[in-house]
Amino acid sequence: MQRARMGFSMRVASAAAAFAAALCAPLAGAMGPQLSANPGVASYGQAVQFDLWNTRWPLYLPATRYSRTGNTITIDYEYIADGFGPSRSDFGYMPVAIGELPAGNYNVQARLFDINQPKAGPQVVTTSLAVLPPDAWGIYMVPAQPLAFQAAEVMVRSAAYFDPGTMRAAVMGSIIRVDFDYDGQAPVATGATPPPGFTSFAAVKIAGLAPGVYRVEGWGRERRGATAERYFVKELVVGTTVPIVEYYAETTDHYFMSGWPDDVALLDGSPQLGWKRTGQQFKAWLRQADAPWGAVPVCRFYASGPNSHFYSGDPGECQMLKSLEQKQRADDSARGQAFRGWQFESIAFYALVPREGKCPGDTQPVYRAYNMRAQQNDSNHRYTVNPQMRAAMMASWADEGPVFCAPL
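Numbering-wise (the numbering used here), the sequence shown opens with residue 1059 and increments by one.
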């Protein structure tokens, strides 16, 4: 985080005098910063977001990110306390979208870092969130309607207490089967005490599913050795769109996005890599066969020099970069140097693109921003559908306009 904060401090230091007159009036009351969930108590199928309020200083929006480990959610914010008020579009307040969560109790903490004090520890604000299980016994998906290839969880709501440690899921063609061991002598009832370690609801993870129709089955086995029986059945239709998930690395001040399940699983499951979700995402299609007429392949390039990715749905731009790669590879080889420029990796996804700068009515524009650091060999781009975040990026990055059209 130190590089990101120090780098930002240098970028905005020249503007400090201009904004000194626009200092934010102290907003913090006696209670200090507060973190709240919306909704305060979530029901099954409700998307969750978090708001930070009652703070003295506005937050630096482009650096907000979060991570989730089990039932613990950590949200990182950055701010600067020496001269920036609400007149800067990259400072302000924005909810952090987490999405749907399995039923349970969650511990949530917000960590507030002062950009100008990179070695200081964060101020920590905590809250809790309860996500209620469905009222009826059965088997449920989380999210309730997962997108294509989106990692999901299958939740069981049982009429008898069961051991969550016995839950196991298997996908066999169009059948998603979840097995669990329950205690037939411990029915769930008001005032009933579950056996130690047992519960009436729990979830198990499954890999993302390809578009199609599935049958989700819940098979329970009485823990004293009875044969498993099928108790729950649910039909699930997975559509064709895939979430393109955005991540941020505070150590490099870079953004990255991907719809590839392997990428998402790696970054979500490897906190040591330093990438955290921003809560921003949009929809596209991972496979050409699933995409509508008019969708184009989006080229994905990577350059090891700036350690950054670039995406384009413009055929001319893709071909230009591929030709440049060939030339630079040949030149570097002749000089005995390693190639570190933009190299074509693959088709990232398929997307609709603007026509004369406009997107169809059933889509939303995806805007591209550029950090203008090619001279420092530190190029990075960000893609967003959020108008407030677009305005925030325009405060210090170049706005390159709409480059994709994402379905709503």
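Positions of the beta carbon are idealized from the N, C-alpha and C atoms, including for glycine. Quick caveat: nothing in here was measured; it's all calculated off a predicted structure.
- Comparing alpha-carbon positions, the option among Asn1174, Ala1178 and Gln1167 lying closest to threonine 1184 turns out to be Gln1167.
- Excluding sequence positions up to five before and after tyrosine 1425, its CB lies within less than 6 Å of the CB of Thr1442, Arg1448 and Pro1460, all in the same chain and listed in chain order.
- Judged by DSSP secondary structure, aspartate 1390 falls outside any beta strand (DSSP E) and instead within the alpha helix (DSSP H) spanning 1373-1392.
- In terms of CA proximity to proline 1412, Pro1465 leads the group Met1430, Gln1092, His1439 and Pro1465.
- Put simply, the backbone Cα of aspartate 1172 is about 16 Å away from that of tyrosine 1151.
- A straight-line Cα-Cα distance of about 10 Å links asparagine 1096 and glutamine 1104.
- Under the three-state reduction of DSSP, methionine 1089 is assigned to coil, being neither helix nor strand.
- When Pro1253, Thr1421 and Pro1245 are compared, the shortest CA-CA separation from threonine 1299 is found for Thr1421.
- Take the alpha-carbon of isoleucine 1197 and the one of phenylalanine 1207: they are about 20 Å apart.
- For leucine 1187, the secondary structure class from DSSP, reduced to helix, strand or coil, is strand.
- Scanning the segment 1314-1371 from its first residue to its last, the whole alpha helix (DSSP H) runs of 4-plus residues come out as 1319-1327.
- By the criterion of at least three beta-carbon pairs nearer than 8 Å, the segment 1272-1285 is in contact with the segment 1235-1247.
- DSSP places proline 1445 in the uninterrupted alpha helix (DSSP H) bounded by 1445-1452.
- Scanning its chain for C-beta atoms nearer than 7 Å, with the 5 sequence neighbours on each side dropped, one finds around proline 1253 the residues Tyr1219, Asp1241 and Ala1244, in chain order.
- In terms of Cβ geometry, threonine 1122 and tyrosine 1137 do not form a close pair [threshold 8 Å].
- The Cβ-Cβ distance between glutamate 1304 and glutamine 1338 falls below 8 Å.
- Alanine 1409 and cysteine 1376 do not touch by the CB rule: their CB atoms are close to 13 Å apart, not below 8 Å.
- In this structure, serine 1232 keeps its C-beta atom at 8 Å or more from the C-beta atom of glycine 1283.
- For alanine 1168, the enclosing beta strand (DSSP E) stretches over residues 1162-1172.
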